[in-house]
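First comes the structure, then the notes that go with it.
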Amino acid sequence: MEACSLKKNLEVMPFGDQTVTGERRVNVSGGQKQRIQIARAIYHDADIYLFDDPFSAVDECLLGFLASRTVVYVIHQVEFLPSADFILFMKDGRIAEAGKHSEILNSEAKFMELVGAHMDDLVAHNMIERSCGTSSNSIKVDSSDSKFGPQITLKEGLDHEENEKSDQINQKGQIVQEEERERRKIWSTNYSKVCSNYRITLKSPTSDDLEPHVSGSLPIYVYVALAVGSFASYLISTLLLVHVRCKTATMLFSKMHTCIFWASLSFFDSTPSGHDQNVVDAYIPSLVASFAFSIKELLGIIAVMSHVAWLVFTVFDPVIATCIWYQQHYISTSRDIARLIGVCEAPVIQHFAETISGLISVGSFGQEKGFVDTNYNLTYDLSRLEFHSAATMQ
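Mapping of the sequence shown onto my numbering: residues 113 to 506, in sequence order.
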């Protein structure tokens, strides 16, 4: 942590090294990302390290902590070259110069032109800062003559990127709650119904001597009318539900589109991928359709029973009271399980997306088994909650 200059960054974070950095580390600056990547590489304890344009904030890491390791880094800042053991100067995809720093400087090649141009830029930049009244703690120029031109000394702290305090969002990590496995007995309801109907049929006496109350083709007309009415009712209800579903989805999309475009950056920092609203446009319409069908069926049963056996309404009060008592326990349990399913489903999608985007890094560090195990554990937690949700629906 100290070698990669991460101490100051952790101090400004609300939860230190336990701070959730959001999707694709969007609330972390570019310098912080690079320091975190270097810290991960050092923690891996490899023999060879490859760096792409490191900066002055990790001088202690490159020159001290990795002094005994093989470090290959691509850089365009010539002030770091004196610390290198061997330098390759590339031009047009080919090696133009190779050797130690002193050897390349004595060769009077294209490399000297690059060094001289860089020195001139630093001198001009320093003069502009002095003319503007800026502090002199950024660049110090020693204009004494030497063999290789003016010597530039960069004071520690030239790159203030590590001191930038980006807006840190107080994010809370996902709380993993321990689930208890529920057990219940499943009675053979269907088998008992079939046996009872068969027994009633056998005990029913025949009535060949009785004459029917209705004769002719009236029963056929009644059945046809019921079939046509049922089909028309089903068609109308289906078309109505489809229309309401499309209208609701359009309104939801428009409002969400407006809210997302006007949302602050903290929303994208604290909301990972996977928290979609598919419940609104996928599950709720089907549940509304089932509810409407149940209501229609209940009204039909009440109409038939009121005409055939109205005494059955005397047991409605106890049945309604039982349903209300059962509803109070069912809604709270099913709502909590559905909320836990949403919490456990988002990490599965997020982990899969991050694995695909960083597949090259995962393979480079040989962490395939760890990612597979993590995906298995997340999927197992989600499947367990979905099993409990299916049990509550039964």
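Just so you know, even glycine gets a beta-carbon here, dropped at the ideal spot from N, CA and C. A quick note: this is a predicted structure, and the numbers were derived from the prediction, not measured.
Next item on the list: Return helix, strand or coil for residue 114, following the three-state DSSP convention.
Entry: Along the sequence shown, read from residue 1 onward, the residue named residue 114 stands at position 2. In the structure shown, residue 114 adopts coil according to DSSP, grouped into three states.
(request) Find out if the Cβ-Cβ distance for the pair residue 162, residue 190 is shorter than 8 Å. (result) One-based indexing of the sequence shown puts residue 162 at position 50. One-based indexing of the sequence shown puts residue 190 at position 78. Their beta carbons are not under 8 Å apart, which means residue 162 does not touch residue 190 by this criterion.
For residue 417, which residues from the same chain have a beta carbon less than 6 Å from its beta carbon, with the 5 sequence-adjacent residues on both sides left out?
-> Along the sequence shown, read from residue 1 onward, the residue named residue 417 stands at position 305. Once the five neighbours on either side are set aside, the close Cβ partners of residue 417 are 424.
Name the DSSP bridge partner or partners of residue 209?
For the purposes of this step, residue 209 is taken as the residue at position 97 of the sequence shown. 201, per the DSSP bridge assignment.
task = To the nearest angstrom, report how far apart residue 200 and residue 160 are at their CA atoms.
result = The sequence position of residue 200 within the sequence shown is 88, counting from 1. The sequence position of residue 160 within the sequence shown is 48, counting from 1. One C-alpha to the other measures close to 17 Å.
By the three-class DSSP mapping on this structure, what secondary structure does residue 186 have? Here residue 186 is taken as the residue at index 74 of the sequence shown, counted from 1. Residue 186 falls in the strand class under three-state DSSP.
- Message: Three or more C-beta pairs under 8 Å: does that hold for the region 487-503 against the region 443-454?
- Response: Yes, the region 487-503 is in contact with the region 443-454.
- Task: Determine, using beta-carbon pairs with one atom in the region 455-469 and one in the region 406-416, whether at least three such pairs fall under 8 Å.
- Result: They do not touch, by the three-pair rule.
message = Just to check my reading of the structure: residue 121 and residue 146 have Cβ atoms closer than 8 Å, yes? What is that Cβ distance to the nearest angstrom?
response = Reading the sequence shown from its first residue, position 9 is the one you call residue 121. Reading the sequence shown from its first residue, position 34 is the one you call residue 146. With a beta-carbon spacing of about 11 Å, residue 121 and residue 146 fall beyond the 8 Å limit used to define contacts.
Please work out which residues of its chain come closer than 7 Å, Cβ to Cβ, to residue 400, disregarding the five sequence neighbours upstream and downstream, and give them in chain order. Locating residue 400 in the sequence shown gives position 288, where the first residue counts as 1. The answer, listed in chain order, is 353.
Item to check | Residue span of the alpha helix (DSSP H) that contains residue 157, given as start and end | outcome: Taking the sequence shown and counting its residues from 1, the one referred to as residue 157 is at position 45. Counting along the chain, residue 157 falls outside any alpha helix (DSSP H), and DSSP gives it neither H nor E.
Taking Cβ positions, are residue 410 and residue 460 nearer each other than 8 Å?
Taking the first residue of the sequence shown as position 1, residue 410 is located at position 298. Taking the first residue of the sequence shown as position 1, residue 460 is located at position 348. In this structure, residue 410 keeps its C-beta atom at 8 Å or more from the C-beta atom of residue 460.
#### Entry: Backbone CA spacing between residue 345 and residue 335 [nearest angstrom]
Against the sequence shown, residue 345 aligns to sequence position 233. Against the sequence shown, residue 335 aligns to sequence position 223. Rounded to the nearest angstrom, the two C-alpha atoms are 15 Å apart.
Output needed for residue 66: all residues of its chain with C-beta closer than 8 Å, excluding positions within five of it in sequence on either side, in chain order. With the chain represented from 113 up to 506, any question about residue 66 goes unanswered, as that position is not in the structure.
Determine the closest residue to residue 115 out of 368, 182, 141 and 148, with distance taken between C-alpha atoms.
Here residue 115 corresponds to residue number 3 of the sequence shown, with the count starting at 1. Among 368, 182, 141 and 148, the Cα nearest to that of residue 115 belongs to 148.
Next item on the list: Excluding the 5 residues preceding and the 5 following residue 178 in the sequence, name in chain order all residues of the same chain whose CB lies nearer than 8 Å to its CB.
Entry: Within the sequence shown, the letter at position 66 stands for residue 178. Cβ within range, chain order: 154 and 161.
### Query
For residue 350, which residues of its own chain have a beta-carbon under 7 Å away from its beta-carbon, when the five flanking residues on both sides are left out?
In the sequence shown, counting from the first residue as 1, residue 350 sits at position 238. Taken in chain order, the list of residues that qualify is empty.
_Local conformation of residue 477 per DSSP, three classes_ = On the sequence shown, position 365 is the one that residue 477 refers to. Here DSSP, grouped into helix, strand and coil, assigns residue 477 to helix.
Worksheet item: In terms of residue numbering, what span does the alpha helix (DSSP H) encompassing residue 397 cover?
Response: Along the sequence shown, read from residue 1 onward, the residue named residue 397 stands at position 285. Counting along the chain, the alpha helix (DSSP H) containing residue 397 begins and ends at 396-420.
DSSP three-state assignment for residue 448, whether helix, strand or coil = Locating residue 448 in the sequence shown gives position 336, where the first residue counts as 1. Here residue 448 sits in helix by DSSP.
- prompt: Are any of the Cβ atoms in chain C nearer than 8 Å to that of residue 378?
  reply: Note that chain C does not occur in the displayed structure, where there is just one protein chain.
Where the alpha helix (DSSP H) through residue 364 begins and ends
Counted from its first residue, the sequence shown places residue 364 at position 252. 330-373 is the extent of the alpha helix (DSSP H) around residue 364.
Handout entry: Assigned exposure category for residue 131 - 16 Cβ within 10 Å defines buried
Key = Here residue 131 refers to the residue found at position 19 of the sequence shown. Answer is buried; the Cβ neighbour count reaches 16.
TODO: Output the boundary residues of the alpha helix (DSSP H) element that contains residue 122.
DONE: To locate residue 122, count along the sequence shown from 1; it is residue 10. From DSSP, the alpha helix (DSSP H) with residue 122 extends over 119-124.
* Cα separation between residue 376 and residue 129? -> Position 264 of the sequence shown, counting from 1, holds the residue named residue 376. Position 17 of the sequence shown, counting from 1, holds the residue named residue 129. Each residue's alpha carbon lies about 25 Å from the other.
query = When DSSP labels each residue in this structure, what does residue 164 get in the three-state scheme?
reply = Here residue 164 is taken as the residue at index 52 of the sequence shown, counted from 1. In the structure shown, residue 164 sits in a strand (DSSP, three-state: E or B).
| message | Measuring straight from C-alpha to C-alpha, what distance separates residue 180 and residue 212? | response | Working through the sequence shown from its first residue, we reach residue 180 at position 68. Working through the sequence shown from its first residue, we reach residue 212 at position 100. Rounded to whole angstroms, the gap between the alpha carbons of residue 180 and residue 212 is 18 Å.
- Task: Could you tell me the distance, in whole angstroms, from the CA atom of residue 373 to the CA atom of residue 380?
- Result: Here the question's residue 373 lines up with position 261 in the sequence shown. Here the question's residue 380 lines up with position 268 in the sequence shown. Using only the alpha carbons, I get a separation of about 11 Å.
- prompt: Does DSSP classify residue 195 as helix, strand or coil?
  reply: Translated into the one-based positions of the sequence shown, residue 195 becomes position 83. The answer is helix: DSSP assigns residue 195 an H, G or I state.
What is the DSSP secondary structure of residue 504, counted as helix, strand or coil? For the purposes of this step, residue 504 is taken as residue 392 along the sequence shown, with counting starting at 1. Reduced to three states, the DSSP call for residue 504 is helix.
So what does DSSP say about residue 178, is it helix, strand or coil? Position 66 of the sequence shown, counting from 1, holds the residue named residue 178. Secondary structure of residue 178 (DSSP, three-state): coil.
Discussion item. For residue 486, which residues in the same chain have their Cβ closer than 8 Å to its Cβ, ignoring the five residues on either side in sequence?
Written reply: In the sequence shown, counting from the first residue as 1, residue 486 sits at position 374. If we look at residue 486 and ignore the five residues flanking it on each side, its Cβ neighbours are 463.
Cβ-based neighbour list, residue 477, same chain, cut-off 7 Å, excluding 5 preceding and 5 following
Position 365 of the sequence shown, counting from 1, holds the residue named residue 477. The residues 156, in chain order, have a CB closer than 7 Å to that of residue 477 in the same chain once the five nearest residues on each side in sequence are set aside.
Hey, residue 151 and residue 113: beta-carbon distance below 8 Å or not? Here residue 151 is taken as the residue at index 39 of the sequence shown, counted from 1. Here residue 113 is taken as the residue at index 1 of the sequence shown, counted from 1. Less than 8 Å separates the beta-carbon of residue 151 from that of residue 113.
Margin query: Quick check: residue 165 and residue 186, are their CB atoms within less than 8 Å of each other?
Written below: If you number the sequence shown from 1, residue 165 lands on position 53. If you number the sequence shown from 1, residue 186 lands on position 74. Contact flag set, yes.
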